[in-house]
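Read the structure below first, then the notes.
Protein chains in written order, with my numbering: chain A, 1 to 114; chain B, 115 to 227.
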């Protein structure tokens, strides 16, 4: 069984400030981890994913996330927020090996204040 | 090539009517997924197809929900005797093979009056 917890359903940051969206997971086997972004009235778009190898993963639009096994975390960060980053962000987990259902978190809405 | 497409983009129906939602996956993607996104509820997995078969139907909320996939391509999600609680955005995703990154369509917003 696997699960994802996203801390904070809403996060507000000032333009230019650090973005930190928290994600903790639970998985009985080594996980694959994902961050997706959903802009208003659009489908989900993959930001980045961790499968194996380097634990710091860089994605699109300047986002990155670090897989920390000891903390069962996969927090999403961006050094400087842009207005265009305002969206809803979903963390997701699946187990490695063959088909494994992807379990999504409940999402975090990011507001960027000018 | 083109991304995942879904139709219709919006559907308004009356309680008790049947609806069909369509998903066209990315060409060559063997895996196809349906999710439901309700306000404040996050994404709820409904069903997964590998080719034309559905090895995981565990997310279908009731027997009013069914889905099929033909030719390893287009999939249809059917909701019979719709209820107001079925109102949500229905998202389809496809991936090259099972376990790979999923690519999402724009969704169908279903409103049951």
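Cβ atoms here follow ideal geometry from the backbone N, Cα and C, with glycine treated the same way.
How about residue i and residue j: are their beta carbons less than 8 angstroms apart?
| i | j | result |
| --- | --- | --- |
| residue 232/B | residue 63/A | A question about residue 232/B goes unanswered here, because the residues of chain B that appear run from 115 up to 227. |
| residue 93/A | residue 31/A | yes |
| residue 173/B | residue 163/B | no |
| residue 15/A | residue 82/A | yes |
| residue 108/A | residue 21/A | yes |
| residue 77/A | residue 95/A | no |
| residue 181/B | residue 202/B | no |
| residue 135/B | residue 225/B | no |
| residue 187/B | residue 206/B | no |
| residue 116/B | residue 212/B | no |
| residue 137/B | residue 151/B | no |
| residue 12/A | residue 111/A | yes |
| residue 178/A | residue 34/A | This structure does not reach residue 178/A, given that chain A is present from 1 up to 114, and the question cannot be answered. |
Among all the DSSP beta bridges, which residues are the ones paired with residue i?
| i | result |
| --- | --- |
| residue 156/B | 152/B |
| residue 121/B | 136/B |
| residue 164/B | 145/B, 167/B |
| residue 208/B | 146/B, 217/B |
| residue 181/B | 191/B |
| residue 224/B | 125/B, 202/B |
Would you identify the three-state DSSP class for residue i, choosing helix, strand or coil?
| i | result |
| --- | --- |
| residue 216/B | coil |
| residue 6/A | strand |
| residue 199/B | helix |
Item checked: Secondary structure, beta strand (DSSP E): runs of 3+ residues fully inside the segment 13-45 of chain A -> 19-27, 31-38
Notebook entry, point to check: Of all the beta strand (DSSP E) runs that stay within the bounds of the segment 46-114 of chain A, which reach a length of 3 or more residues?
Noted result: 56-58, 64-68, 73-78, 87-95, 108-113
Next item on the list: Tell me, please, whether the segment 124-135 of chain B touches the segment 185-199 of chain B by the rule of three or more beta-carbon pairs shorter than 8 angstroms.
Entry: yes
Notebook entry, point to check: Quick check: the segment 212-227 of chain B against the segment 37-49 of chain A, are there 3 or more CB pairs under 8 angstroms?
Noted result: Segments in contact, yes.
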